[in-house]
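Chemist:
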Amino acid sequence: MPSIRFGDIPRDKSVPQQDKRTASPTHLLPLRCFAPSASAAGRCLLHQQEAATSSNGVSDQISRHRGGETMDEAAAGQRASPLLAKNDGSSYGEESQSLLEEQEPQVKTKQSGWRAPSIILGLECLESMAFNGIATNLVVYIRSVLHGGIASSASTSSLWYGTSFFVPILGATIADTYWGNYKTVLISFIMYLLGTVFITVGAFLPSAPALCNTESCSSMNGTQHLVYFSGLYLTAIGCGGVRSALLPLGADQFNNDSSLDIQKRRNFFSLFYICVIFGVITSGTIVVWIQENVSWAIGYGVATACIALALIGFLVGTPIFRRHEPHGSPVRSVFQVIVASFRNLALELPADSSLLYEVRRKNTQKSEPKLAHTDDFRFLDKAAIMSDLSLDQDSCTSPWRICTVTQVEELKILIRLLPIWATGIFFCVGISQMHTTFIQQGTVMNTKIGSLSIPAASLYSFEVICVTFWVFLVNKVIIPVTRACFANGAEMTQLQRIGIGRFLMIFAMAIAAFLEMKRLESVQGGDQPLSIAWQLPQYFVIAGAECFTIITQLEFFHGQAPDSMKSMLTAFALLTTALGNYFSSAIITLIARVTGTWHSPGWIPDDLNKGHLDYYYWCLAAISAVNFVVYIYFASKYKLKKAVIQV
Numbered sequence: 001m002p003s004i005r006f007g008d009i010p011r012d013k014s015v016p017q018q019d020k021r022t023a024s025p026t027h028l029l030p031l032r033c034f035a036p037s038a039s040a041a042g043r044c045l046l047h048q049q050e051a052a053t054s055s056n057g058v059s060d061q062i063s064r065h066r067g068g069e070t071m072d073e074a075a076a077g078q079r080a081s082p083l084l085a086k087n088d089g090s091s092y093g094e095e096s097q098s099l100l101e102e103q104e105p106q107v108k109t110k111q112s113g114w115r116a117p118s119i120i121l122g123l124e125c126l127e128s129m130a131f132n133g134i135a136t137n138l139v140v141y142i143r144s145v146l147h148g149g150i151a152s153s154a155s156t157s158s159l160w161y162g163t164s165f166f167v168p169i170l171g172a173t174i175a176d177t178y179w180g181n182y183k184t185v186l187i188s189f190i191m192y193l194l195g196t197v198f199i200t201v202g203a204f205l206p207s208a209p210a211l212c213n214t215e216s217c218s219s220m221n222g223t224q225h226l227v228y229f230s231g232l233y234l235t236a237i238g239c240g241g242v243r244s245a246l247l248p249l250g251a252d253q254f255n256n257d258s259s260l261d262i263q264k265r266r267n268f269f270s271l272f273y274i275c276v277i278f279g280v281i282t283s284g285t286i287v288v289w290i291q292e293n294v295s296w297a298i299g300y301g302v303a304t305a306c307i308a309l310a311l312i313g314f315l316v317g318t319p320i321f322r323r324h325e326p327h328g329s330p331v332r333s334v335f336q337v338i339v340a341s342f343r344n345l346a347l348e349l350p351a352d353s354s355l356l357y358e359v360r361r362k363n364t365q366k367s368e369p370k371l372a373h374t375d376d377f378r379f380l381d382k383a384a385i386m387s388d389l390s391l392d393q394d395s396c397t398s399p400w401r402i403c404t405v406t407q408v409e410e411l412k413i414l415i416r417l418l419p420i421w422a423t424g425i426f427f428c429v430g431i432s433q434m435h436t437t438f439i440q441q442g443t444v445m446n447t448k449i450g451s452l453s454i455p456a457a458s459l460y461s462f463e464v465i466c467v468t469f470w471v472f473l474v475n476k477v478i479i480p481v482t483r484a485c486f487a488n489g490a491e492m493t494q495l496q497r498i499g500i501g502r503f504l505m506i507f508a509m510a511i512a513a514f515l516e517m518k519r520l521e522s523v524q525g526g527d528q529p530l531s532i533a534w535q536l537p538q539y540f541v542i543a544g545a546e547c548f549t550i551i552t553q554l555e556f557f558h559g560q561a562p563d564s565m566k567s568m569l570t571a572f573a574l575l576t577t578a579l580g581n582y583f584s585s586a587i588i589t590l591i592a593r594v595t596g597t598w599h600s601p602g603w604i605p606d607d608l609n610k611g612h613l614d615y616y617y618w619c620l621a622a623i624s625a626v627n628f629v630v631y632i633y634f635a636s637k638y639k640l641k642k643a644v645i646q647v
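When you line the sequence shown up against full-length UniProt numbering, it's residues 1 to 647, in that order.
1. Would you kindly work out how many angstroms separate the C-alpha atoms of G122 and V471, rounded to a whole number?
2. Determine the direct distance from the alpha carbon of Y460 to that of I120, and round the result to whole angstroms.
3. Report all residues from its chain with a CB closer than 6 Å to the CB of V287; omit the five preceding and five following residues, and keep chain order.
4. Just list the beta strand (DSSP E) runs in the region 584-647, keeping only unbroken ones of 3 residues or longer that don't cross its boundaries, in chain order.
5. List in chain order: all unbroken alpha helix (DSSP H) runs of 4+ residues lying wholly within the region 487-523.
6. Check the DSSP bridge columns for N181 and list the partner residues they point to.
7. Identify every residue that forms a DSSP beta bridge with N446.
8. Select from Q524, Q528 and L414 the residue whose C-alpha is nearest the C-alpha of P330.
9. Which two residues bound the contiguous alpha helix (DSSP H) that contains F335?
10. Please name the residue, chosen from G442, V444, F557 and A310, that lies closest to C239 on a Cα-to-Cα basis.
11. Decide if the region 543-563 is in contact with the region 418-431; the criterion is three or more beta carbon pairs, one per stretch, under 8 Å apart.
12. Can you check which of these residues, P248, F278, T443 and C125, is closest to R265 by C-alpha distance?
13. Please work out which residues of its chain come closer than 8 Å, Cβ to Cβ, to E127, disregarding the five sequence neighbours upstream and downstream, and give them in chain order.
14. Relative to the alpha-carbon of residue 652, which residue among I511, N475 and T436 has its alpha-carbon at the smallest distance?
15. From this set, E521, G544, W421 and T447, which residue's C-alpha is nearest residue 654's C-alpha?
16. At a threshold of 7 Å, does V140 count as lining the ligand ATP (C-beta to nearest heavy atom)?
17. Give the C-beta separation of residue 672 and G171 to the nearest angstrom, bearing in mind that I take them to be a contact with Cβ-Cβ under 8 Å.
18. Between which residues of its own chain and L271 is the CB-CB distance below 6 Å, once the five residues before and five after are set aside?
19. Check this for me: beta carbons of I431 and G580, under 8 Å apart or not?
20. In the DSSP output, which residue or residues are listed as bridge partners for S453?
21. Buried or exposed for N344, going by 16 or more other Cβ atoms inside 10 Å?
22. Relative to the C-alpha of A533, which candidate in G149, K448, A635 and L380 has its C-alpha closest?
23. Which residues bound the alpha helix (DSSP H) around residue 716?
24. Distance, Cα to Cα, I506 vs A621?
25. Helix or strand or just coil, what does DSSP make of L356?
26. Are V405 and Y357 close, meaning C-beta to C-beta below 8 Å?
27. Roughly how many angstroms separate the alpha carbons of L640 and N137, rounded to a whole number?
28. With distances taken from CA atoms, which of I187, S333, F189 and T223 is nearest G202?
29. If you draw a straight line from the alpha carbon of G67 to that of L371, how long is it in whole angstroms?
30. So, is W160 buried or exposed, given that buried needs 16 or more other C-beta atoms within 10 angstroms?
31. In chain order, what are the residue ranges of uninterrupted beta strand (DSSP E) at least 3 long that sit wholly in the region 139-204?
32. Alpha carbon to alpha carbon, how far is V630 from D376?
33. What residue range does the alpha helix (DSSP H) around G301 cover?
34. Quick check: what's the CA-CA separation for W400 versus S333?
35. Rounded to whole angstroms, what's the CA-CA distance from W289 to P455? Just pull it up for me.
36. Would S153 pass as a contact of I142 if the rule is Cβ separation under 8 Å?
Okay, here's the thing in structure tokens:
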């Protein structure tokens, strides 16, 4: 399988220089501070010298990549659209990072091996197999075993699936602030194991209601409900914690100061995704078959065994894991900027942005990158105005009264990403149909292809294989073709790829709606049910949408994130999946209630042959179309990150 990489990243060594400014009004303190005591004066003097050194060293080399071009914004005085094709064949989402890697001195250290990363890759294979062994067929289990309705089964499944993608936000915050990646993974695996044990026990309970295929079924009792759903949400919490910290823990096993280790880390990310695919395919075929043809309890037992093996493997690998201490919460920094900007609301912003507060961090062996000042959201710049009110008696500066330009710019990045991120939520509403209504649609079709009986949930494995095919197609065909079509070697930017994924989602929902129309016509005409193979086109198109959007969106968020926020923003990108499932659940519930009356079963009744699931798919196609237009608007206005290198 080809590595998941959308274009090589050239190293741009031509870095323009900023103008040096030294003028300073008396009420601003770019290089000095008021010291209320002798000890504070000493600290402030050191602080002043450090800031002066930072100011006079290399006057902030700036690399700004917009639409594939590197420019000095101060000199250009304008902003290029990030939707424009690049002229250098690079991936602009990683431009700042590649520049950092180029400028940082290379220190000769012992190369990292593959022992620890290999263990982590094996853990991900087991975790992915366990999670998808529960998630892939969840809506079928709730419907057939727990006797839920069509709408309630889809809604419950979406809520749980969304929760499993919401928890990584909390897990990333806890890992960065308190526990670190290792401890977060360990505790999460323990919770994960407890959850899968509860689910398996719930499936083994002799009092569970018998399988039901009629419209009148007895529901499960309170004990069954408590055991099963307690296990289900314990699993979601444990899974979210593992997702938030296992991948960063694997990346921690490689050095930051070796070009060879940097390449190894990139290969690790690709292999990690392949492990995710392995788990999805294995669970979608073997585990789903066991659940539907042997026993649900044994199928869930396989998932439990996978997590137990993963926990044992994690403990065995503990002595060789490289652990990094937590480095503080980026959320606190965001709130500090907000509070400081309000406290300094009465102060006047300097015309010269170089007078805003920025210093080199202490106790570092080498220079750390800062973010250059940008002109939008100017009210937040007030947090970086330095005055005598910014100081207290215990330190030279109070972080709740004054913040650095880098802190301010980190918050600006979050604000700029919000519209792009929000459109991802409605995109994931369409993605969530693969786990809910697509499966329900497949269960009322002819599931035999030749002599084989294909479970409806198994087609999700076909979608995953299609994602792999789309990745190969993008890397080996689409990108080379776009380069060949333009004399300057231009290719699609990351924002353009995400836009293509948003566009493909419209077609995926339209194909599903058209298929449902034909299926209903077949049923009403008394013909044989359509073959489940007719679902393959909608799975294929939605796989393309996932390839262009989900993978590239993670890459984009990681590339745009400041160093202190990479884990949080990666989890932030995953949050779109959670909220998309929540929105899907809300939309299904709303449509079922609004369209279902005493004389009409509604669009999504328990018997889909009496409903109009096609209307629901057409609504999703319309929502996806509006979402695409909104995305194009904000993507064309997006201002890419501008990094500053201090050496």
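Every residue gets a Cβ at the ideal spot worked out from N, C-alpha and C, and that includes glycine.
Modeler: In brief:
1. For the purposes of this step, residue 122 is taken as residue 122 along the sequence shown, with counting starting at 1. For the purposes of this step, residue 471 is taken as residue 471 along the sequence shown, with counting starting at 1. If you take the alpha carbons of G122 and V471, they lie about 22 Å apart.
2. Taking the first residue of the sequence shown as position 1, residue 120 is located at position 120. Taking the first residue of the sequence shown as position 1, residue 460 is located at position 460. Answer to the nearest angstrom: the Cα atoms are 25 Å apart.
3. As a position in the sequence shown, residue 287 is number 287, starting the count at 1. So the list reads G133, G299 and V302, once near-sequence residues are dropped.
4. 642-645
5. none
6. Counting from 1 along the sequence shown, the entry for residue 181 is found at position 181. According to DSSP, which records beta bridges pairwise, N181 is partnered with nothing at all.
7. One-based indexing of the sequence shown puts residue 446 at position 446. The partner list for N446 (beta bridge, DSSP) reads S531.
8. Counting from one through the sequence shown, the residue named residue 330 turns up at place 330. The residue with the shortest Cα to Cα distance from P330 is L414.
9. By one-based count along the sequence shown, residue 335 stands at place 335. Taken as a continuous stretch (DSSP letters only), the alpha helix (DSSP H) holding F335 covers P330 to R343.
10. The sequence position of residue 239 within the sequence shown is 239, counting from 1. Minimum Cα distance to C239 is reached at A310.
11. yes
12. Position 265 of the sequence shown, counted from the start, is the residue given in the question as residue 265. The candidate whose alpha carbon is nearest that of R265 is P248.
13. Position 127 of the sequence shown holds residue 127. Correct list, in chain order: Y192, C239, V242, L246, G279, C306, I307 and A310.
14. Since the displayed the chain opens at 1 and closes at 647, residue 652 lies outside it and no answer follows.
15. Absent from the structure is residue 654, since the part of the chain shown begins at 1 and ends at 647.
16. Among the ligands in the structure shown, none appear at all, so the ligand ATP cannot be discussed.
17. In the structure as shown, the chain begins at 1 and stops at 647. Residue 672 is therefore absent and cannot be evaluated.
18. Counting from one through the sequence shown, the residue named residue 271 turns up at place 271. Closer than 6 Å at Cβ, skipping near neighbours: L121.
19. The residue given as residue 431 occupies position 431 in the sequence shown. The residue given as residue 580 occupies position 580 in the sequence shown. Contact flag set, yes.
20. Residue mapping note: residue 453 aligns to position 453 of the sequence shown, counting from 1. Paired residues: K448.
21. Here residue 344 refers to the residue found at position 344 when the sequence shown is read from its first residue. The residue is buried, with at least 16 neighbouring Cβ atoms inside 10 Å.
22. Stepping through the sequence shown from its first residue, residue 533 is reached at position 533. Looking at the Cα atoms, K448 is the closest of the given residues.
23. Here the chain comprises residues numbered 1 to 647, so residue 716 is not present and cannot be evaluated.
24. Within the sequence shown, the letter at position 506 stands for residue 506. Within the sequence shown, the letter at position 621 stands for residue 621. Cα-Cα distance, rounded: 5 Å.
25. As a working mapping, residue 356 is identified with position 356 in the sequence shown. Here L356 sits in coil by DSSP.
26. In the sequence shown, residue 405 corresponds to position 405, counting from 1. In the sequence shown, residue 357 corresponds to position 357, counting from 1. Yes, the Cβ-Cβ distance between V405 and Y357 is below 8 Å.
27. Taking the first residue of the sequence shown as position 1, residue 640 is located at position 640. Taking the first residue of the sequence shown as position 1, residue 137 is located at position 137. C-alpha separation (whole angstroms): 41 Å.
28. As a working mapping, residue 202 is identified with position 202 in the sequence shown. G202 has its Cα closest to that of T223, out of I187, S333, F189 and T223.
29. For the purposes of this step, residue 67 is taken as residue 67 along the sequence shown, with counting starting at 1. For the purposes of this step, residue 371 is taken as residue 371 along the sequence shown, with counting starting at 1. Confidence at G67 is low in this model, with a pLDDT of 37, below 50, so its placement is unreliable and no value can be given for it.
30. Taking the first residue of the sequence shown as 1, we reach residue 160 at position 160. Buried.
31. none
32. On the sequence shown, residue 630 is found 630 positions in, with the first residue counted as 1. On the sequence shown, residue 376 is found 376 positions in, with the first residue counted as 1. Looking at the two C-alpha atoms, the distance is approximately 21 Å.
33. By 1-based counting over the sequence shown, the position of residue 301 is 301. Start and end: W296 to V316.
34. To locate residue 400, count along the sequence shown from 1; it is residue 400. To locate residue 333, count along the sequence shown from 1; it is residue 333. Using only the alpha carbons, I get a separation of about 9 Å.
35. Here residue 289 corresponds to residue number 289 of the sequence shown, with the count starting at 1. Here residue 455 corresponds to residue number 455 of the sequence shown, with the count starting at 1. Rounded to whole angstroms, W289 to P455 spans 7 Å at the Cα level.
36. What you label residue 153 is simply residue 153 of the sequence shown in a count that begins at 1. What you label residue 142 is simply residue 142 of the sequence shown in a count that begins at 1. Yes, the pair counts as a contact, with Cβ atoms nearer than the cut-off.
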